[in-house]
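Sequential numbering from 159 applies to the sequence shown in this note's numbering. Where a beta carbon is used, it is the ideal one built from N, C-alpha and C, also for glycine. These figures come from a predicted structure and were not determined experimentally. Here the structure comes first, spelled out in structure tokens, and everything after it is commentary.
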Amino acid sequence: MNFKNFSIVLLFGFVVFGCKTHPLPECITEKTMDLTIRWGENDKKNKLLKGFMINGTGQIFSFYYHDTTNKNDLIVPKDKYKEIGYIDSKWFCEITNKIQKTILMTQVSNEPGELNEFLEFSNPSVHNFYRGQWVRKFKTANSSLFREVYDSLQVYKLKKKD
159 MNFKNFSIVL LFGFVVFGCK THPLPECITE KTMDLTIRWG ENDKKNKLLK GFMINGTGQI
219 FSFYYHDTTN KNDLIVPKDK YKEIGYIDSK WFCEITNKIQ KTILMTQVSN EPGELNEFLE
279 FSNPSVHNFY RGQWVRKFKT ANSSLFREVY DSLQVYKLKK KD
């Protein structure tokens, strides 16, 4: 093998074996690969949206977005997401399962106000989208399970930042 071929093989080896991928959570299938979980605060008065997102690979992102479009539709441009890292696969599967059970048990949590907390679960592969929103200072039966999931996500997020 001449030097040129050896260099190509060596470079190929670095590319193939040097790329580290994060293993997918075990509960992720082809149908759930596109799911996202978002949670945070929507300050309608100041047109400010801030929170976190977990995608189907277990990556967690933060976002902070000042909406100047007056749409107030909770859509955050991709360039506003900042990667934090990856979450524990086991915990990801547990929280995903808990969110799905909460959605089935609650069905509706839409309590709009000027300052809302929200939890969003989206899986476009199976045409599934759910957003619950509530005002933190008002404790209602409809939002109680969502608050519990939201608080779990907040606690995990704080652990992840440490």
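Query	Result
Extent of the continuous beta strand (DSSP E) to which F276 belongs	273-281
Option in D309, T254, L207, Y314 with minimal Cα separation from T187	T254
Which of helix, strand or coil DSSP assigns to N331	Since the first and last residues shown for the chain are 159 and 320, residue 331 lies out of range.
Rounded separation between G214 and P183 - CA only	8 Å
At least three beta-carbon pairs within less than 8 Å, the segment 257-270 to the segment 204-220	no
Range covered by the beta strand (DSSP E) that runs through S220	217-224
Euclidean distance between Cα positions of N286 and S280	6 Å
Environment of N268 [buried if 16+ CB atoms lie within 10 Å]	exposed
K236 versus K297: straight-line alpha-carbon distance, rounded	33 Å
Spatial distance of T226 from V284 (CA atoms)	32 Å
Minimum C-alpha distance to H224 - residue among K248, P270, E199	E199
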